[in-house]
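Heads up: the structure comes next, in structure tokens.
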Amino acid sequence: MLLEVQNISKSFGGVKAIQDFSLTADKGDIVGIIGPNGAGKTTTFNVISGIYRADQGKVFLDGKDITNMEQHQITREGISRTFQNIRLFKGLNVMENVMCAFDPRANYSIFDGLLPTPRRFAEEKRGRKICEHNLEVVGLKKYANEKPESLPYGLQRRLEIARALTCQPKVLLLDEPAAGLNPTEVKELTELIGRLCSELGFAVLLIEHRLELVMGISHKIYVLNFGKTIAVGTPDEVRSNPEVIEAYLGEEDAEC
Ligand SMILES: Nc1ncnc2c1ncn2[C@@H]1O[C@H](COP(=O)(O)OP(=O)(O)OP(=O)(O)O)[C@@H](O)[C@H]1O
């Protein structure tokens with residue numbers, strides 16, 4: 001199993017944000033996480049990606065225990081993410097925003113960092129190639145020199161995804177990637193996520209309020225409510241689960 005989250009719990013004071021949460025995802029899987037506001041969805045991402053330490057439970061990536069690793073180590077192990085609120089660097093152009101995520105993995109010493117050594121140039125060239133490729137993959141190559149804030153919202157979301165790809169993830173966590181997008185952008189984003197997942201072979205965990213996206217694309221869906229998992233299954237199973245309908249989907253039934 002590529003990603004295994006085992007019985008994670010996390011509280012903030014008296015608030016049990018997630019309780020005994022478990023999840024599995026394999027290569028090529030798109031796994032949706034849904035639930036009402038405050039259900040604990042983002043907390044699961046924050047624990048998996050190392051922003052928060054779990055009070056209990058474990059996270060394994062490719063069989064390796066990453067539970068207590070620091071964020072940057074977890075990224076290096078192969079988990080990268082985007083955030084609910086777009087987080088791009090305004091002073092940098094599109095290419096530079098993606099380059100920030102490039103991690104020179106070759107023997108890159110402090111001298112290579114400080115001095116214009118051949119090894120540094122070679123690494124920078126390799127990084128630029130990878131980033132150009134990732135911009136192309138998400139359809140942003142022609143915007144490489146633009147400032148991100150000049151792009152429509154949908155393209156800014158793609159830029160975040162290109163940056164996450166540059167970390168060479170085994171698991172990509174997308175936190176509400178469709179927030180603020182119009183219906184055409186949502187459709188294009190859905191296609192992009194599906195294509196990336198099947199072509200690049202990683203797993204995607206997707207938190208999303210836009211049910212047409214998450215129901216249309218996920219192989220498996222976890223439904224949370226008040227920190228507890230109330231259902232796990234295919235989109236059809238989840239849609240017809242009475243507890244889910246009562247807790248979450250009822251009011252949005254028309255949208256499903
Ligand atoms: N850093 C924090 N400090 C205190 N409470 C927190 C913190 N992060 C999350 N919580 C609380 O934990 C609970 C779960 O929050 P979380 O953000 O995980 O929910 P969510 O399902 O992602 O909600 P939304 O859909 O609104 O983003 C909420 O009650 C929230 O207020």
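Take the sequence shown: its letter number 118 is residue 118 in the UniProt record's numbering, and every next letter is one higher. Note that beta-carbon positions come from the ideal geometry of N, C-alpha and C, so glycine has one too.
Next item on the list: Could you give the DSSP three-state label for D29: helix, strand or coil?
Entry: Coil.
Notebook entry, point to check: Regarding K41 and ligand 1, is the C-beta to nearest heavy atom distance less than 7 Å?
Noted result: K41 Cβ: within cutoff of ligand 1.
Next item on the list: Give the range of the beta strand (DSSP E) segment to which Q56 is assigned.
Entry: In this chain, the beta strand (DSSP E) harbouring Q56 covers Q56 to L61.
Next item on the list: Return the CA-CA distance between F21 and V186, expressed in angstroms with no decimal places.
Entry: Whole-angstrom Cα-Cα distance: 28 Å.
Margin query: DSSP has V171 in a bridge; who is on the other side?
Written below: Beta-bridge pairing links V171 to I79 and A203.
Next item on the list: Kindly provide the ranges of any alpha helix (DSSP H) runs that are 4 or more residues long and lie completely inside the segment 86-173, ordered along the chain.
Entry: Counting only runs of at least 4 residues, the segment 86-173 fully encloses the following alpha helix (DSSP H) elements, listed from N- to C-terminal order: 94-99, 110-114, 118-137 and 153-166.
Note to self: Taking 7 Å as the cut-off, is the beta-carbon of V15 closer than that to any non-hydrogen atom of ligand 1?
What the structure shows: Under cutoff, so the answer is yes.
Next item on the list: State whether the segment 18-35 contacts the segment 192-209, with contact taken as three or more CB pairs (one from each stretch) at a distance under 8 Å.
Entry: Per the Cβ contact rule, the segment 18-35 is in contact with the segment 192-209 (3 or more Cβ pairs under 8 Å).
Notebook entry, point to check: Nearest-angstrom Cα distance between K141 and F12?
Noted result: For K141 and F12, the distance between alpha carbons rounds to 42 Å.
Notebook entry, point to check: Can V94 and L189 be called in contact, C-beta distance under 8 Å?
Noted result: No.
Margin query: Tell me the rounded alpha-carbon separation between I18 and V47.
Written below: Each residue's alpha carbon lies about 10 Å from the other.
Checklist line | Buried versus exposed call for I51 [16 or more other C-beta atoms within 10 Å across all chains shown] | finding: With fewer than 16 other Cβ atoms within 10 Å, it is exposed.
Next item on the list: Check whether the Cβ atoms of P152 and K90 lie closer than 8 Å to each other.
Entry: By the CB criterion at 8 Å, P152 and K90 fall outside the cutoff.
Margin query: Along the chain, where does the alpha helix (DSSP H) containing T234 start, and where does it finish?
Written below: Counting along the chain, T234 falls outside any alpha helix (DSSP H), and DSSP gives it neither H nor E.
Note to self: With distance defined between alpha-carbon atoms, name the residue in T166, R163 and G154 nearest to N182.
What the structure shows: The residue with the shortest Cα to Cα distance from N182 is G154.
Checklist line | Y222 versus L205 - alpha carbon distance | finding: Just so you know, the alpha carbons of Y222 and L205 end up roughly 10 Å apart.
Notebook entry, point to check: Which whole-angstrom value describes the C-beta separation of T82 and L3, a residue pair presumed to lie in contact below a C-beta threshold of 8 Å?
Noted result: With 8 Å as the limit, T82 and L3 do not qualify as a contact, their Cβ atoms being about 17 Å apart.
Checklist line | Where A17 sits in the DSSP three-state scheme | finding: In the structure shown, the three-state DSSP call for A17 is strand.
Margin query: Taking the straight line between their C-alpha atoms, what separation do you get for D253 and M215?
Written below: With a pLDDT of 46 at D253, under the threshold of 50, the modelled position of this residue cannot be trusted, and the question is left open.
Notebook entry, point to check: Any heavy atom of ligand 1 closer than 7 Å to the CB of N97?
Noted result: Not under cutoff, so the answer is no.
Notebook entry, point to check: If you run the structure through DSSP and keep just helix, strand and coil, what is N46?
Noted result: Three-state DSSP puts N46 in a helix.
Note to self: Is any non-hydrogen atom of ligand 1 found closer than 7 Å to the C-beta of G50, if you look at the structure I gave you?
What the structure shows: Incorrect: G50 has no Cβ contact closer than 7 Å to ligand 1.
Notebook entry, point to check: From which residue to which residue does the beta strand (DSSP E) around L211 run?
Noted result: Here L211 belongs to no beta strand (DSSP E); instead the alpha helix (DSSP H) covers L211 to I217.
Note to self: Taking contact to mean 3 or more Cβ pairs, one atom from each stretch, closer than 8 Å, check whether the segment 120-130 and the segment 54-71 are in contact.
What the structure shows: Flag = no, the segment 120-130 and the segment 54-71 do not touch.
Notebook entry, point to check: Does ligand 1 have even one heavy atom less than 7 Å from the beta-carbon of F12?
Noted result: Yes, Cβ of F12 sits closer than 7 Å to a heavy atom of ligand 1.
Next item on the list: Return helix, strand or coil for L3, following the three-state DSSP convention.
Entry: DSSP places L3 in strand when its eight states are reduced to three.
Note to self: If contacts are defined as beta-carbon pairs under 8 Å, then A25 and A203 qualify, I think. What distance do you get, rounded to the angstrom?
What the structure shows: About 4 Å; that satisfies the 8 Å criterion.
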